[in-house]
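Report on one structure; see the data block that follows.
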Amino acid sequence: MATTKTTEDLLTVPDGWKEPKFTRADNPHGLCAESSFAVLFPKYREKYLRECWSRVKKKLGEINIKADLDLVEGSMTVSTTRNTWDPFAIINARDCVKLLSRSVPFEQAARVLEDGVACDIIKIKSLVRNAERFIKRRQRLVGPDGSTLKAIELLTNCYVLVQGGTVAAVGPHKGLKEVRRIAEDCMRNIHPVYNIKTMMIKHELAKDERLRNESWDRFLPKFKTKNVKRKKPKKKRVKKQYTPFPPPQLESKVDKELATGEYFLKTEQKQAKKTQERKEKEKKAKEEREKRRNKAFIPPKEKKTQS
26 MATTKTTEDL LTVPDGWKEP KFTRADNPHG LCAESSFAVL FPKYREKYLR ECWSRVKKKL
86 GEINIKADLD LVEGSMTVST TRNTWDPFAI INARDCVKLL SRSVPFEQAA RVLEDGVACD
146 IIKIKSLVRN AERFIKRRQR LVGPDGSTLK AIELLTNCYV LVQGGTVAAV GPHKGLKEVR
206 RIAEDCMRNI HPVYNIKTMM IKHELAKDER LRNESWDRFL PKFKTKNVKR KKPKKKRVKK
266 QYTPFPPPQL ESKVDKELAT GEYFLKTEQK QAKKTQERKE KEKKAKEERE KRRNKAFIPP
326 KEKKTQS
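Per the working numbering, residue 26 is the first one in the sequence shown, and the count goes up by one each step.
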C-alpha cells in the first residue's frame, strides 16, 4: 500500500513546478556544426518585414542567432553562429520567422523564443474542397466581430490568427492542441461553439481537486449529429427505353378537321355545330346537378326490427 502511494506521488506534478532553465553552463563548448533554415514569405509582407527587420535581428541576436532578409528571392534565413550555445534556439528562430511570414505581428512572433511557448501553423485549406464552403467555415471560426476567436484565445491562452489558408497559433503546448482540434473540427462542419462549451466545463472541473484524477466523461456534453433528410421528388421520372427513331409527328388542327370532314364545312355550319355541342354539354351538366340536389330528398332505408 505504501509503495502504491509513493508511485502516485511521483506521477503527480506539483502545482507551480517549472522545468529548470537551460543555461550556458549546461553547454559551455557550444555547437559543433552550423545549422540554418530559410523561410519564404508572400509579396504583401515585404513592407512590414522591412520595417521591423532591425527589431527581429536584435531579438535573435540576444540568443546568438544570425538573421538575413532577402527581398529579391523573398526569403528569410536564420542560422547559428560560433557563440550559439542553446541547440534549440535555431528551432525557435525558425518558428519565429515562419510566423512572421504568416502575417503574425512581431510582438506575438517573438514570444516563441520564450521557454514554455510554442507555435502551430494549421493548414485548413486542404480540408475543404469547395471554395465557397471553405470561406463560410473559415468565417465561422472567426465569428461575428471576432467573438469566437476571442473566446478561443481566452480559453486556450494562445494568440490565434486566421490568415488565408492557415491558422497560426502561439502559446503553451496544451492550448495549441485545443486550437488545432477546434480549427480542424470547424473545417469538418463541427461548429466551434460545441468545443468552446466543452472547454469551459473542463476549466471548471480542473479547479476541483477531488475530480483531478477522475474521469470527466459524465460531466461533458454529448452532442448528436443531425442528418437533415433531403426532400424526395413526389413523382419519379421513369426513363423511357431508348429508340434510335424520332417520335411520330403529332396531328395538327387541320389534319384532325380533314379526318372528321369539318374542314370542308362552311363557317355558319361550323358555328352551328359548336353551338349544338355546347348546348348538349350544358344539358348533361344540368342533369347531373339536379341528380345531386334530389339525393337529399331520398329517404334512407329503414332497418327492419325483429318482432
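Note that the Cβ used here is the ideal one computed from N, Cα and C, for glycine as well. All of these numbers come straight from a predicted model, not from anything done at the bench.
When DSSP labels each residue in this structure, what does residue i get in the three-state scheme?
{"i": "Val192", "result": "strand"}
{"i": "Ser172", "result": "helix"}
{"i": "Phe131", "result": "helix"}
{"i": "Asp140", "result": "coil"}
{"i": "Ala58", "result": "coil"}
{"i": "Lys247", "result": "coil"}
{"i": "Val279", "result": "helix"}
{"i": "Leu85", "result": "helix"}
{"i": "Val218", "result": "helix"}
{"i": "Tyr184", "result": "strand"}
{"i": "Asp210", "result": "helix"}
{"i": "Leu179", "result": "helix"}
{"i": "Ser104", "result": "strand"}
{"i": "Asp111", "result": "coil"}
{"i": "Asp120", "result": "helix"}
{"i": "Lys265", "result": "coil"}
{"i": "Val204", "result": "helix"}
Would you call residue i buried or exposed, if buried means 16 or more other Cβ atoms sit within 10 Å of its Cβ?
{"i": "Met225", "result": "exposed"}
{"i": "Tyr267", "result": "exposed"}
{"i": "Lys106", "result": "The sequence shown places Thr at residue 106, rather than the Lys named in the question. By the 10 Å Cβ count, Thr106 comes out exposed."}
{"i": "Ser240", "result": "exposed"}
{"i": "Asn238", "result": "exposed"}
{"i": "Pro217", "result": "buried"}
{"i": "Leu245", "result": "exposed"}
{"i": "Asn89", "result": "buried"}
{"i": "Ile147", "result": "buried"}
{"i": "Ala194", "result": "buried"}
{"i": "Ala208", "result": "buried"}
{"i": "Leu236", "result": "exposed"}
{"i": "Tyr184", "result": "buried"}
{"i": "Gln274", "result": "exposed"}
{"i": "Phe113", "result": "exposed"}
{"i": "Phe248", "result": "exposed"}
{"i": "Asn117", "result": "buried"}
{"i": "Asp145", "result": "buried"}
{"i": "Phe322", "result": "exposed"}
{"i": "Thr292", "result": "exposed"}
Pull up the distance between the alpha-carbon of residue i and that of residue j, whole angstroms please.
{"i": "Cys57", "j": "Arg119", "result": "19 Å"}
{"i": "Gly171", "j": "Gln164", "result": "9 Å"}
{"i": "Pro272", "j": "Lys311", "result": "41 Å"}
{"i": "Ala24", "j": "Ile221", "result": "No statement about residue 24 is possible, as the shown extent of the chain runs from 26 to 332 and does not include it."}
{"i": "Lys320", "j": "Tyr288", "result": "44 Å"}
{"i": "Ser61", "j": "Leu94", "result": "13 Å"}
{"i": "Lys316", "j": "Lys298", "result": "27 Å"}
{"i": "Lys202", "j": "Glu178", "result": "13 Å"}
{"i": "Lys308", "j": "Pro324", "result": "27 Å"}
{"i": "Lys295", "j": "Phe270", "result": "38 Å"}
{"i": "Asn182", "j": "Gly200", "result": "6 Å"}
{"i": "Trp78", "j": "Lys254", "result": "55 Å"}
Got a sec? Which residues, its chain only, sit under 7 Å from residue i by beta carbon, not counting five neighbours each side?
{"i": "Ala135", "result": "Lys84, Cys121"}
{"i": "Arg49", "result": "Trp110"}
{"i": "Gly168", "result": "Leu174"}
{"i": "Gly141", "result": "Pro197"}
Would you say residue i lies against chain D (beta-carbon separation less than 8 Å)?
{"i": "Glu305", "result": "No chain D appears in the structure shown, which is made up of a single protein chain."}
Who are the Cβ neighbours of residue i in its own chain at under 6 Å, not counting the five residues just before and after it?
{"i": "Met212", "result": "Ile149, Leu152, Val153, Arg162"}
{"i": "Val64", "result": "Met101, Val122, Lys123, Ser126"}
So, at 8 Å on beta carbons, what are the nonlocal neighbours of residue i in its own chain, with the 5 sequence-adjacent residues on each side left out?
{"i": "Leu96", "result": "Glu71, Arg75"}
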